[in-house]
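Contents: one structure, followed by commentary.
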Amino acid sequence: NDSILFNTTVPPFDDPRNRRAIGFAIDKPLLVREATYGTTVAATEDLPPQLWAHDPSAGTAVRDLPAARKLFDAAGWHAGPDGVRGKQGRRFTMGLAFRSDSATDRSRSVLIASMLKDAGIEVDLKGYATSKLFGPPGSGVLADGKFEAGLQTWYSGSDPDDSTQLTCDQVSPRGYNWPRWCNHAMDAAQRDALSH
Numbered sequence: 002n003d004s005i006l007f008n009t010t011v012p013p014f015d016d017p018r019n020r021r022a023i024g025f026a027i028d029k030p031l032l033v034r035e036a037t038y039g040t041t042v043a044a045t046e047d048l049p050p051q052l053w054a055h056d057p058s059a060g061t062a063v064r065d066l067p068a069a070r071k072l073f074d075a076a077g078w079h080a081g082p083d084g085v086r087g088k089q090g091r092r093f094t095m096g097l098a099f100r101s102d103s104a105t106d107r108s109r110s111v112l113i114a115s116m117l118k119d120a121g122i123e124v125d126l127k128g129y130a131t132s133k134l135f136g137p138p139g140s141g142v143l144a145d146g147k148f149e150a151g152l153q154t155w156y157s158g159s160d161p162d163d164s165t166q167l168t169c170d171q172v173s174p175r176g177y178n179w180p181r182w183c184n185h186a187m188d189a190a191q192r193d194a195l196s197h
């Protein structure tokens, strides 16, 4: 699975409307065609379609710029004269960390930047060696929260358990919740799923 992680402690990525709008602004089938030459399947959520727990209605399967623009507007980020969104004098700029030693990530990051520009987002591409991007706490960009958004690649197993990435007690440096997202309802749902 490939995904964009957002550091949910950093504005404007702390607002779920902005994160979802970015999802709507990205053309996933185009990424599959152009960055991986059709060798992958576009993901709509954190669970792949071959798992019993996959929900095909979750996530953002297709690009929908009107929906993205509506969400950005609802969050108070309006297009300026140059097309870049702004709020209270701040431009909507997103740093996107990626593996500079990966040809696929280099290609994906440029394509994503172009797609987000169409939605009024400036993207600042930040390339790191794989060992730096995915390094452990104390030396890793993602683990240390030194990012706004980052491209991540991981492989799902046959168990849909993603508690190590989504629960409050796994926020880095204790675990792999690099986005630092903490939601007590999600914690309860994960506990229920793990015990039943």
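Mapping the sequence shown onto this note's numbering, position 78 (from 1) lands on 79, and the numbers just tick up by one. We put the beta carbon where it would ideally sit given N, CA and C, even for glycine.
Quiz item: On the three-state DSSP scale, how would you describe residue 5?
Solution: strand
Quiz item: Does the distance from the CB of residue 164 to the CB of residue 194 come in under 9 angstroms?
Solution: yes
Quiz item: For residue 33, does the three-state DSSP call read helix, strand or coil?
Solution: helix
Self-check item: Which residues DSSP lists as bridging residue 99, in chain order
Solution: 128
Quiz item: For residue 10, which three-state DSSP category applies?
Solution: coil
Practice problem: Output the distance between the C-alpha atoms of residue 104 and residue 129, rounded to the nearest integer angstrom. | Solution: 12 angstroms
Quiz item: Can you list the alpha helix (DSSP H) stretches of 4 or more residues lying completely in the stretch 38-98, in chain order?
Solution: 66-75
Practice problem: Can you grab the Cα-Cα spacing for the pair residue 175 / residue 99, in whole Å? | Solution: 23 angstroms
Practice problem: Could you spell out where the alpha helix (DSSP H) holding residue 105 opens and where it closes? | Solution: 104-119
Exercise. Assign residue 63 to buried or exposed, taking buried as 16 or more other Cβ atoms, counted over all protein chains shown, within 10 Å of its Cβ.
Key: exposed
Quiz item: Would you call the CB atoms of residue 61 and residue 92 closer than 9 angstroms?
Solution: no
Practice problem: Over the uninterrupted alpha helix (DSSP H) stretch that includes residue 153, give me the two end residues. | Solution: No alpha helix (DSSP H) holds residue 153; the beta strand (DSSP E) holding it covers 150-154.
Quiz item: Excluding five sequence neighbours on each side, which residues of the same chain lie with their C-beta closer than 6 angstroms to the C-beta of residue 153?
Solution: 4, 6
Quiz item: Considering residue 190, what are the terminal residues of the alpha helix (DSSP H) in which it resides?
Solution: 185-196
Practice problem: Would you mind giving the Cβ-Cβ distance between residue 114 and residue 69, rounded to the nearest angstrom? I have them listed as a contact below 8 angstroms. | Solution: Not confirmed; about 15 angstroms, so no contact.
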